[in-house]
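In our numbering, the protein residues as written are 3 to 265.
Even glycine gets a Cβ: it sits at the ideal position worked out from N, Cα and C.
None of the values given here were measured: they were computed from a predicted structure.
Worksheet for the structure shown next.
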């Protein structure tokens with residue numbers, strides 16, 4: 003148990019450290035975080051390949067992969083199922099994230115920053131510090147997810163292994179309106195569709211790309227519905243009415259103050 007906790011902490015520290023460069027670029031130069039984190043992902047795959055083919059390679063096998071983790075060091079399964087306890091950790095993380103975003107001052111600051119960075123700076127928030135903290139927390143969560151996947155499913159890592167989970171769930175995050183709890187059914191739906199789609203495609207002698215096309219069509223259909231459902235206030239549904247009103251007040255005051263001298 004202690005070894006699992008240590009492994010999770012190391013993975014979370016590594017994930018947080020890997021976001022330092024994108025966090026700096028976003029905080030200092032307002033560089034798009036999707037582009038920088040995507041580039042860092044490619045760099046991470048390259049670094050992982052060097053380690054897997056070098057000091058971490060298992061000398062007993064011919065293909066480049068790490069040593070297999072012993073079963074007693076893997077995540078245990080939920081009693082009566084084949085699902086490892088990492089799923090429970092993910093659910094707990096979603097509930098904690100929802101609580102932090104909705105019930106704490108830090109979450110309120112993040113909401114203000116995400117909705118209107120200029121308003122956040124206008125009300126006195128340390129925008130750069132908030133950006134760096136958000137990146138570090140996100141990187142730590144990604145590291146924990148990677149640790150759960152390796153320790154709960156695979157038990158080893160091969161070269162050029164990049165499932166691209168993060169890139170896949172980005173559309174679902176926006177469809178869930180940035181709500182961690184609303185994201186759970188979306189991800190569960192995608193997991194069932196992904197695993198069941200692979201099996202159905204193989205049984206029907208269809209290429210695996212058929213699943214990607216199906217997922218893309220579903221996402222497109224859901225996005226169109228979401229857009230027309232809130233086309234009059236695109237993006238407004240991500241905020242509570244009270245927070246939207248609070249964000250508009252500083253801007254209206256500043257605009258009024260700027261217009262008074264001209265009168």
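Query - Integer Cβ distance of residue 50 from residue 141, believed to fall under 8 Å - result: Actually they do not touch by this definition, with Cβ atoms about 15 Å apart.
Query raised in the report: So, using beta-carbon positions, are residue 127 and residue 25 closer together than 8 Å?
Result: no
**Report entry** Classification of residue 75 by the beta-carbon crowding that lies within 10 angstroms, buried from 16 upward
**Finding:** exposed
Query - Cβ contact check for the segment 55 to 71 and the segment 152 to 166: 3 or more pairs under 8 Å - result: yes
Query raised in the report: Given residue 55, which residues of its chain have a CB within under 7 Å of its CB, disregarding the five upstream and five downstream residues?
Result: 66 and 161
Query raised in the report: What three-state label does DSSP hand residue 131 in the structure shown?
Result: If DSSP states are grouped into helix, strand and coil, residue 131 belongs with the helices.
Report task. Pull up the CB-CB distance for residue 143 and residue 95, whole angstroms please, since I reckon it's below 8 Å. Result -> 6 Å
Query raised in the report: Can you tell which of 209, 205 and 217 has the C-alpha that lies nearest to the C-alpha of residue 188?
Result: 217
**Report entry** Among 167, 192 and 5, nearest to residue 73 - alpha-carbon criterion
**Finding:** 5
**Report entry** Meets three-Cβ-pair contact criterion under 8 Å: the segment 76 to 88 and the segment 180 to 187
**Finding:** no
Requested in this report: Report the option in 172, 152 and 202 whose CA atom is closest to the CA atom of residue 163.
Outcome: 152
Query raised in the report: So which of 8, 78 and 225 has the shortest CA-CA distance to residue 175?
Result: 225
Query raised in the report: Does DSSP put residue 38 in a helix, in a strand, or in coil?
Result: DSSP places residue 38 in the helix class (H, G or I) of the three-state scheme.
Query raised in the report: Which residue from 197, 10 and 172 puts its Cα closest to that of residue 185?
Result: 172
Query raised in the report: With DSSP run on the structure shown, which of helix, strand or coil describes residue 254?
Result: In this predicted model, residue 254 has a pLDDT of only 47, less than 50, meaning its place in the structure is not dependable enough to derive any value.
Query raised in the report: Whose C-beta lies closer than 8 Å to the C-beta of residue 78 among residues of the same chain, with five residues either side of it excluded?
Result: Within the same chain, and ignoring the five residues on either side of residue 78 in sequence, the residues whose Cβ sits closer than 8 Å to its Cβ are 86 and 87.
Report task. Check each candidate in 15, 133, 104 and 106 and name the one with the smallest Cα separation from residue 118. Result -> 133
Query raised in the report: Who pairs with residue 274 in a beta bridge, going by DSSP?
Result: Absent from the model: residue 274. The displayed extent of the chain is 3 to 265, so no value can be given.
Query - Nearest neighbour of residue 36, chosen from 200, 110, 199 and 168 [CA to CA] - result: The shortest C-alpha separation from residue 36 is found at 168.
**Report entry** Which residues DSSP lists as bridging residue 68, in chain order
**Finding:** 59
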